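Quick note: the sequence shown uses the working numbering, first residue 19, plus one each step.
Reviewing the structure listed below.
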Amino acid sequence: MDENFKKKILDDINISGFQTELEVASILKKNGWKVEPNTNYVDYDSNKSREIDIIAYKNPSGGSIYLELHLVVEVKKSNKPWIVFTSEFKQTFYHRYASGLLKKFANKKKGFKSNILTRKSPNSSFERIGTSYKEAFKKPNEPSKIYEALLSACKASLFRFTEEAPPKELERDPFDPNHPVEIYIYHPIIVLEGILIEAYLNEEGEIEISESDFIPVQLKYQTQKAEENEFYCDVISKQGLNKYCKKLDEWIRNIINEK
19 MDENFKKKIL
29 DDINISGFQT
39 ELEVASILKK
49 NGWKVEPNTN
59 YVDYDSNKSR
69 EIDIIAYKNP
79 SGGSIYLELH
89 LVVEVKKSNK
99 PWIVFTSEFK
109 QTFYHRYASG
119 LLKKFANKKK
129 GFKSNILTRK
139 SPNSSFERIG
149 TSYKEAFKKP
159 NEPSKIYEAL
169 LSACKASLFR
179 FTEEAPPKEL
189 ERDPFDPNHP
199 VEIYIYHPII
209 VLEGILIEAY
219 LNEEGEIEIS
229 ESDFIPVQLK
239 YQTQKAEENE
249 FYCDVISKQG
259 LNKYCKKLDE
269 WIRNIINEK
């Protein structure tokens, strides 16, 4: 192959973002995740088939708990910094977060503490939550790639949750002590190759900005297929993905050990 032609092909792959998707999938695999690239889902609102970049999952079990954690991953590459405006969450945040978490139980025993799903989650140490966002230097007439990515990740998560998680008729009632408690979680995330910036208004009324590797974002989206209209999507920089995976592993350990 001619070297100049080869370079053009490689440059085109890099610009298109496909290389970033391959790199993100590789990072997830190295952290022990099973990866399914380029998976279809149905957009319930338009009734059209669409594609999500990566589905990654782990299904550890320990003691009395069987867990399936599915990451529904939208990968983005941007030369324009993503700015996420955050605000302090109120006391009710984690109750709302727990309600918005796409989760389902089977064989749930009496007295099981569901708050273990949020108490040690990757964003449990955050004091702020992203509520709005913009791309720096974007022209006003250009569509928001951030909103599109959030919507895609959340819609794909809702589809996988609705179609894959055990239906209620399969839930064991009453509790069967010969089977573990089963927990199924579908969590939308965005991995960004680019600069991720947190911005907020300080006590003096001035905007503070700082680069970040991880910001949890709230998306309010109304759809008849979901009981709640609030979704929570983690936005992670590609360089922060390994660290985020470590947080997920800690979350998994705490869930299956009921800590």
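A virtual CB, placed ideally from N, CA and C, is assigned to each residue, including glycine.
All values derive from a computational prediction rather than experimental measurement.
Given a threshold of 16 other Cβ atoms within 10 Å of its Cβ, counted over all protein chains shown, does residue i qualify as buried or as exposed?
i	result
His88	buried
Ile27	exposed
Phe155	exposed
Asp71	buried
Leu214	buried
Ile227	exposed
Pro161	exposed
Ser255	buried
Glu39	buried
Arg178	buried
Lys261	exposed
List the whole-angstrom C-beta distance separating residue i from residue j, where the pair is believed to meet the contact cut-off of C-beta under 8 Å.
i	j	result
Asn77	Cys263	Rounded, the Cβ-Cβ distance is 16 Å, inconsistent with contact.
Ile83	Val199	5 Å
For residue i, which residues does DSSP report across the bridge?
i	result
Ser255	Leu210
Thr57	Ile70
Ala124	Glu200
Tyr151	Val102
Ser228	Glu216
Lys52	Tyr75
Ile233	Val253
Val90	Ile73, Pro206
Three-state secondary structure (DSSP) at residue i?
i	result
Tyr250	strand
Ser143	coil
Lys156	coil
Ile219	The sequence given here has Leu at residue 219, not Ile. Looking at Leu219 - three-state DSSP - the assignment turns out to be strand.
Leu85	strand
Tyr75	strand
Leu119	coil
Lys95	strand
Glu187	Interpretation of Glu187 is limited by its pLDDT of 47, a score under 50 that renders its predicted location unreliable; the figure taken from the coordinates is listed afterwards. Correct three-state label for Glu187: helix.
Lys238	strand
Asp29	helix
Glu182	helix
Ser170	helix
Asp267	helix
Lys138	coil
Lys47	helix
Lys163	helix
Counting only the same chain and skipping the five closest in sequence on each side, list residues whose C-beta sits under 7 Å from that of residue i.
i	result
Glu187	Below a pLDDT of 50, predicted positions are generally treated as unreliable, and Glu187, at 47, falls in that range; the measurement from the model is reported next regardless. So no residue of the chain qualifies.
Lys163	Lys94, Ser96, Glu153
Ser139	Trp269
Lys238	Asn247, Glu248
Taking 8 Å as the limit between beta carbons, can you name the residues of its chain near residue i, skipping five residues before and five after?
i	result
Glu21	none
Arg68	Asn58, Tyr59, Val60, Asp61, Ser170, Lys173, Ala174
Lys98	Glu153, Ala154, Phe155, Lys156, Gly212
Leu219	Ile225, Glu226
Quick check: is any heavy atom of the ligand GTP less than 8 Å from the C-beta of residue i?
i	result
Gly212	The ligand GTP is not among the ligands present in this structure, which contains no ligands whatsoever.
Can you find the residues in the same chain that come closer than 6 Å, C-beta to C-beta, to residue i, ignoring five residues on each side of it along the sequence?
i	result
Thr149	Ser105, Gln236
Leu141	As written in the sequence, residue 141 is Asn, which differs from the Leu given in the question. Once the five neighbours on either side are set aside, the close Cβ partners of Asn141 are Pro234.
Tyr202	Glu86, Lys122, Ala183
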